[in-house]
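Working notes for the structure below.
Residue numbers (my numbering), protein chains in the order written: chain A, 92 to 295; chain B, 518 to 958.
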């Protein structure tokens with residue numbers, strides 16, 4: 092059977108597995124959010140870990156799917172790669188955004204769908220940028236490191252410019268946090284579309 | 518004439534000695550970056566949490582312990598997992614098999630950067646934070662054995678992550694392991710029950726306690742024993758030698774048994790009388806703090822000085838202000854708000870706010886249900902606000918609106934010192950739970 096080139100592309104990047112992992116991430120996030128809220132003495136504000144870790148895992152899934160096993164061969168193609176790369180970042184991110192928004196219903200003013208969407212976009216931007224700088228297979232590390240550092244260090248209030256540097260821990264409707272996440276996504280996606288993954292033959 | 522050109526005889530140069538494989542492994546790859554990331558994680562979190570931990574060894578050690586367990590542990594796990602998959606990514610696994618060294622030795626050399634670098638980064642950050650705490654503490658000692666146990670736990674997680682990376686081929690193993698690590702270690706830290714003290718992030722926020730002496734070493738035996746057992750079971754060949762893995766496993770199980778026998782609520786922590794000993798100044802009323810806050814005593818004395826000068830020798834005035842764990846123990850003792858929460862590097866950030874809260878605590882009566890009601894309740898509240906405001910004005914950016922109390926404040930200000938003293942004596946003697954008994958200025 093002769094597969095269309097799109098299908099070959101999807102298979103070479105392991106995208107079916109990545110899509111399955113995205114579905115699993117969203118299901119796990121939905122269950123974790125429900126479980127946290129159902130605990131005694133906890134309310135909907137307890138969903139913060141889900142709003143951070145769910146998008147983090149989604150960014151890791153999409154970031155690692157940007158790896159190509161035949162980088163040098165790809166670069167000999169006569170067609171421009173940047174539209175394909177851009178679609179490869181945008182389409183799975185749109186899917187992840189939709190799935191995670193559905194996984195966290197209600198309480199948009201705190202840690203609901205808007206916060207999950209913002210964090211997915213922002214962390215995906217960081218992962219896409221890391222793909223260009225470090226390589227696709229290690230692209231999960233910078234967003235994981237950032238989220239880990241910020242999670243405990245962020246103050247409960249907005250003092251000390253936390254809406255800017257700790258955007259991943261902020262409630263949904265804050266404009267500053269959205270601005271940082273949007274810039275991160277635009278810059279990361281553009282950098283990846285322009286340069287592609289870092290070539291990592293014989294990587295450490 | 519022919520001459521034979523013979524090159525001058527030279528000593529054969531000694532072959533350059535290759536650096537030891539362990540050294541090369543430690544210097545290359547993700548290891549040094551992991552150490553730097555762990556240290557940076559600790560620094561950023563400690564700085565972000567405010568510098569309130571700088572005054573007590575217990576506060577600094579506890580925060581470092583939580584950061585190590587909750588944040589550095591998962592990071593070490595994920596980075597170790599990545600490092601563990603290196604040989605498979607490079608397709609050098611078979612090359613390593615051809616090296617004339619035992620499999621266990623090769624395994625230990627390749628695990629070393631995943632385990633040692635996070636531990637080194639953590640120890641460096643711990644040392645810097647403890648040095649930053651040292652000038653400001655009053656009593657006690659840093660719990661170095663707990664910090665050493667944290668470093669061993671982080672190294673153990675790095676090594677376990679490395680093994681997972683060797684075994685699992687899936688490209689999402691490393692990030693997934695990191696995220697599962699965050700969740701699992703976080704849940705373990707907040708569970709009820711003794712098992713909490715097995716996890717590397719069990720929190721204990723009580724500044725007058727110290728851990729039992731054996732808890733640090735036994736925690737190390739638990740985490741290191743478990744990891745060593747897994748490493749031996751994986752790396753020892755031929756297979757019959759794997760029985761040796763039972764030795765560290767037995768040590769780990771014995772250590773876990775000891776930890777699980779600790780009391781459920783307080784775990785390994787016991788009150789330390791040397792830390793909760795009271796230290797008092799020589800003013801009237803006397804101000805007493807616990808030994809851990811001794812360095813704050815001059816600051817608290819200075820903050821309360823205007824209030825104490827009014828209360829000195831007055832009937833019904835407190836005999837002692839008592840802060841800390843023991844609380845008011847004798848008749849005439851009044852509890853002080855904790856000065857440590859408002860202090861940075863042994864200086865009260867807002868002495869005016871501290872004085873204001875001390876006055877509020879002085880006038881707080883424990884009322885029964887139904888007390889404080891009646892036609893005069895509103896007036897009583899306004900007088901309470903006025904007296905508080907007159908003794909310790911509320912800072913402008915803080916506290917309730919005092920407009921309603923202003924007439925009473927003006928009347929208090931207009932009185933002569935003897936009348937003011939007389940009124941304050943009557944106010945201190947009145948039961949503020951009964952609004953009708955509160956004297957009007």
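Glycine is no exception: its CB is placed at the ideal position from the N, C-alpha and C atoms.
Small disclaimer: the values here were computed from a predicted structure and weren't measured.
Checklist entry - Which first and last residues belong to the beta strand (DSSP E) in which residue 728/B is found? => result Within the second chain, the letter at position 211 stands for residue 728/B. Residue 728/B -> beta strand (DSSP E) spans 726-728.
Checklist entry - Between which two residues does the beta strand (DSSP E) harbouring residue 786/B extend? => result Position 269 of the second chain, counting from 1, holds the residue named residue 786/B. It spans 786-788 - the beta strand (DSSP E) in which residue 786/B sits, taken as one unbroken run.
Next on the checklist: Using C-beta distances below 8 Å, list every residue in its chain close to residue 954/B, excluding the 5 sequence neighbours before and after it, in chain order.
Outcome noted: Here residue 954/B is taken as the residue at index 437 of the second chain, counted from 1. Only 947, 948 meet the Cβ criterion.
Item to check | Extent of the continuous beta strand (DSSP E) run through residue 837/B | outcome: Residue mapping note: residue 837/B aligns to position 320 of the second chain, counting from 1. It spans 837-839 - the beta strand (DSSP E) in which residue 837/B sits, taken as one unbroken run.
Next on the checklist: With a threshold of 6 Å on Cβ separation, who are the neighbours of residue 742/B within its own chain once the five nearest residues in sequence on each side are excluded?
Outcome noted: Along the second chain, read from residue 1 onward, the residue named residue 742/B stands at position 225. Taken in chain order, the residues that qualify are 765, 768, 769.
Item to check | DSSP three-state assignment for residue 957/B, whether helix, strand or coil | outcome: Position 440 of the second chain, counted from the start, is the residue given in the question as residue 957/B. Three-state DSSP puts residue 957/B in coil, outside helix and strand.
Next on the checklist: If the criterion is Cβ atoms closer than 9 Å, does the pair residue 820/B and residue 785/B meet it?
Outcome noted: In the second chain, residue 820/B corresponds to position 303, counting from 1. In the second chain, residue 785/B corresponds to position 268, counting from 1. With contacts defined by Cβ atoms closer than 9 Å, residue 820/B and residue 785/B do not form a contacting pair.
Next on the checklist: Is there a Cβ of chain B sitting closer than 9 Å to that of residue 93/A, yes or no?
Outcome noted: Here the question's residue 93/A lines up with position 2 in the first chain. It does not; no Cβ of chain B falls within 9 Å.
Item to check | Per DSSP, cross-strand counterpart(s) of residue 806/B | outcome: Along the second chain, one-based indexing puts residue 806/B at 289. Note: residue 806/B is bridge-paired with 796/B in the DSSP secondary-structure output.
Next on the checklist: Could you tell me the alpha carbon to alpha carbon distance between residue 859/B and residue 911/B, rounded to whole angstroms?
Outcome noted: Within the second chain, numbered from 1, the residue matching residue 859/B stands at position 342. Within the second chain, numbered from 1, the residue matching residue 911/B stands at position 394. Going by the C-alpha atoms only, they are around 16 Å apart.
Next on the checklist: Using a Cβ-Cβ cutoff of less than 6 Å, which residues in the same chain neighbour residue 794/B once the five nearest sequence positions on both sides are dropped?
Outcome noted: Counted from its first residue, the second chain places residue 794/B at position 277. So the list reads 808, once near-sequence residues are dropped.
Checklist entry - Tell me which same chain residues have a C-beta within less than 8 Å of the C-beta of residue 286/A, skipping the five on either side of it? => result Locating residue 286/A in the first chain gives position 195, where the first residue counts as 1. Closer than 8 Å at Cβ, skipping near neighbours: 223.
Item to check | Of the residues 148/A, 276/A, 133/A, the one placed nearest residue 112/A, counting alpha carbons only | outcome: Taking the first chain and counting its residues from 1, the one referred to as residue 112/A is at position 21. When only C-alpha atoms are compared, the closest one is 148/A.
Next on the checklist: Please confirm whether residue 241/A has its beta-carbon closer than 9 Å to some beta-carbon of chain B.
Outcome noted: Here residue 241/A corresponds to residue number 150 of the first chain, with the count starting at 1. Yes, because at least one Cβ of chain B sits closer than 9 Å to the Cβ of residue 241/A.
Checklist entry - Leaving out the 5 sequence neighbours to the left and right, which residues in its chain are closer than 7 Å to residue 562/B when beta-carbon positions are compared? => result Counting from 1 along the second chain, the entry for residue 562/B is found at position 45. These residues qualify, in order along the chain: 584, 588.
Item to check | Rounded Cβ spacing between residue 733/B and residue 632/B (contact assumed at less than 8 Å) | outcome: In the second chain, the residue the question calls residue 733/B occupies position 216. In the second chain, the residue the question calls residue 632/B occupies position 115. About 19 Å separates the two Cβ atoms, so there is no contact after all.
Item to check | CB of residue 591/B within 9 Å of CB of residue 698/B, strictly | outcome: Indexing the second chain from 1 puts residue 591/B at position 74. Indexing the second chain from 1 puts residue 698/B at position 181. Yes.
Checklist entry - What's the C-alpha gap between residue 846/B and residue 727/B? => result Numbered from its first residue, the second chain carries residue 846/B at position 329. Numbered from its first residue, the second chain carries residue 727/B at position 210. Taking the straight line from one Cα to the other gives about 23 Å.
Next on the checklist: Using C-beta distances below 6 Å, list every residue in its chain close to residue 183/A, excluding the 5 sequence neighbours before and after it, in chain order.
Outcome noted: Here residue 183/A corresponds to residue number 92 of the first chain, with the count starting at 1. So the list reads 153, once near-sequence residues are dropped.
Next on the checklist: For chain A, check one thing: does any of its Cβ atoms lie closer than 9 Å to the Cβ of residue 606/B?
Outcome noted: Indexing the second chain from 1 puts residue 606/B at position 89. By this cut-off, residue 606/B is an interface position.
Checklist entry - Residues in its own chain within less than 6 Å of residue 801/B by CB, not counting five upstream and five downstream? => result Indexing the second chain from 1 puts residue 801/B at position 284. Excluding sequence positions up to five before and after residue 801/B, its CB lies within less than 6 Å of the CB of 829, all in the same chain and listed in chain order.
Checklist entry - Would you call the region 701-715 of chain B and the region 632-648 of chain B in contact, with 3 or more CB pairs under 8 Å? => result no
Item to check | Cut-off 6 Å between Cβ atoms - residues of its own chain near residue 272/A, not counting five sequence neighbours on either side | outcome: Within the first chain, residue 272/A is the residue found at index 181, counting from 1. Residues of the same chain with a CB within less than 6 Å of the CB of residue 272/A, apart from the 5 flanking positions on each side, are 209, 212, 213, 258 in chain order.
Item to check | Residue-level contact to chain A via CB, residue 688/B, 9 Å cutoff | outcome: Indexing the second chain from 1 puts residue 688/B at position 171. It does; some Cβ of chain A falls within 9 Å.
Next on the checklist: Beta-carbon within less than 8 Å of residue 173/A's beta-carbon, same chain only, minus the 5 sequence neighbours each way: which residues are those?
Outcome noted: Within the first chain, residue 173/A is the residue found at index 82, counting from 1. Cβ neighbours of residue 173/A beyond the five flanking positions: 284, 285.
Next on the checklist: Just to check my reading of the structure: residue 586/B and residue 702/B have Cβ atoms closer than 8 Å, yes? What is that Cβ distance to the nearest angstrom?
Outcome noted: Position 69 of the second chain holds residue 586/B. Position 185 of the second chain holds residue 702/B. Between residue 702/B and residue 586/B the Cβ distance is about 6 Å, and since that is below 8 Å, they are a contact.
Checklist entry - For a contact meaning CB atoms closer than 7 Å, what does residue 191/A contact in chain B? => result Taking the first chain and counting its residues from 1, the one referred to as residue 191/A is at position 100. Those do not exist, as residue 191/A stays about 14 Å from chain B at its closest Cβ, beyond 7 Å.
Next on the checklist: Below 8 Å on the Cβ atoms is my contact criterion, and I expect residue 554/B with residue 133/A to pass it. Report the Cβ-Cβ distance as a whole number of Å.
Outcome noted: In the second chain, counting from the first residue as 1, residue 554/B sits at position 37. In the first chain, counting from the first residue as 1, residue 133/A sits at position 42. So it is not a contact: roughly 31 Å between Cβ atoms.
Checklist entry - Got a sec? Which residues, its chain only, sit under 8 Å from residue 296/A by beta carbon, not counting five neighbours each side? => result Any answer about residue 296/A is impossible in this case: the structure gives chain A only from 92 up to 295.
Item to check | 9 Å Cβ cut-off: residues of chain B touching residue 229/A | outcome: What you label residue 229/A is simply residue 138 of the first chain in a count that begins at 1. Within 9 Å Cβ-Cβ: 547, 599, 691.
Next on the checklist: I want to see whether chain A comes within less than 9 Å of residue 834/B, judged by CB atoms only; does it?
Outcome noted: Position 317 of the second chain, counted from the first residue, corresponds to residue 834/B. No - not a single Cβ of chain A is within 9 Å of the one on residue 834/B.
Checklist entry - Alpha carbon to alpha carbon, how far is residue 96/A from residue 115/A? => result Your numbering for residue 96/A matches position 5 in the first chain. Your numbering for residue 115/A matches position 24 in the first chain. Rounded to whole angstroms, residue 96/A to residue 115/A spans 27 Å at the Cα level.
Checklist entry - Who are the neighbours of residue 110/A on chain B, taking C-beta pairs under 9 Å? => result Translated into positions along the first chain, residue 110/A becomes position 19. Under the 9 Å cutoff, chain B gives no residues; its nearest Cβ is about 13 Å from residue 110/A.
Checklist entry - On the three-state DSSP scale, how would you describe residue 614/B? => result Working through the second chain from its first residue, we reach residue 614/B at position 97. In the structure shown, residue 614/B sits in a helix (DSSP, three-state: H, G or I).
Item to check | Of the residues 684/B, 690/B, 638/B, 694/B, the one placed nearest residue 669/B, counting alpha carbons only | outcome: Taking the second chain and counting its residues from 1, one reaches residue 669/B at position 152. Residue 669/B has its Cα closest to that of 638/B, out of 684/B, 690/B, 638/B, 694/B.
Next on the checklist: I need the straight-line Cα distance from residue 783/B to residue 744/B, nearest angstrom please.
Outcome noted: Residue 783/B sits at position 266 when you count from the first residue of the second chain. Residue 744/B sits at position 227 when you count from the first residue of the second chain. Cα to Cα, the separation comes out at about 27 Å.
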